[in-house]
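Here this note's numbering is used: position 65 in the sequence shown is 47, and no number is missing along the way. Cβ atoms here follow ideal geometry from the backbone N, Cα and C, with glycine treated the same way.
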Amino acid sequence: HASVSWPLRLKGSFHTDLTGAQNVRFTARVYGIDTDALVDYVEDFAQLGDFMNMPLRSYSSGMRARLAFGMSMGISFDWYLVDEITAVGDSAFKKKSLAVFKNRLQDAGLLMVSHSTRTILSYCTSGLVLENGKARFFEDVREAVRVHEANMAA
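Quick look at the structure:
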């Protein structure tokens, strides 16, 4: 059995009346992991300071994104589902986020959807192209990109 992440995206699925820490604890309980360890990880990673103990309704979209990505990286999954990966925050935070994500992928698989050919080529080795309601698998991601681009040009 493999563990699969929730779809990684910028907003996350949070309860806005709960604090950041309460949302993290809830997620930890759902996944059966140590709540304190996950809160500590997310506090360190997301760098939200006192906002971790404030309701999410007081967060900016960037703060929510940092919390969501921190939670996603705080749990080790066998597979990560990614829909349009985008790093948020200042350049140092973006660099840290991408480094942690690439590190996670050393021991995990990735199922990614993206409109960015560059991103797909950077993260993927194989590809799946949807054509006329049917999926075609390609061992070589470059071939998948070529077929997809040809379909879009037709």
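In terms of residue numbering, what span does the alpha helix (DSSP H) encompassing residue i cover?
i	result
F120	Premise fails: F120 lies in the beta strand (DSSP E), 116 to 120, not in any alpha helix (DSSP H).
L20	17 to 28
Answer yes or no: do residue i and residue j have a C-beta to C-beta separation smaller than 7 Å?
i	j	result
G2	F27	no
V12	V24	no
M94	V64	yes
V111	V82	no
G56	L80	no
Rounded to a whole number of angstroms, what is the C-alpha to C-alpha distance between residue i and residue j?
i	j	result
I67	S73	16 Å
F33	S43	13 Å
F8	A90	24 Å
A47	E113	33 Å
D60	S40	33 Å
S108	L0	40 Å
F58	A135	Note that residue 58 corresponds to Ser in the displayed sequence, not to Phe. C-alpha separation (whole angstroms): 39 Å.
A(-16)	Y62	11 Å
Q77	K84	Per the sequence shown, the amino acid found at residue 77 is Lys instead of Gln. Near 11 Å, if we compare the C-alpha coordinates of K84 and K77.
Going by alpha carbons, who is nearest to residue i out of the options?
i	options	result
R124	G56, R100, S58	R100
I102	R86, E131, G115	E131
Which residue spans inside the segment 71 to 105 form an unbroken alpha helix (DSSP H) run of at least 4? 73 to 86, 99 to 105
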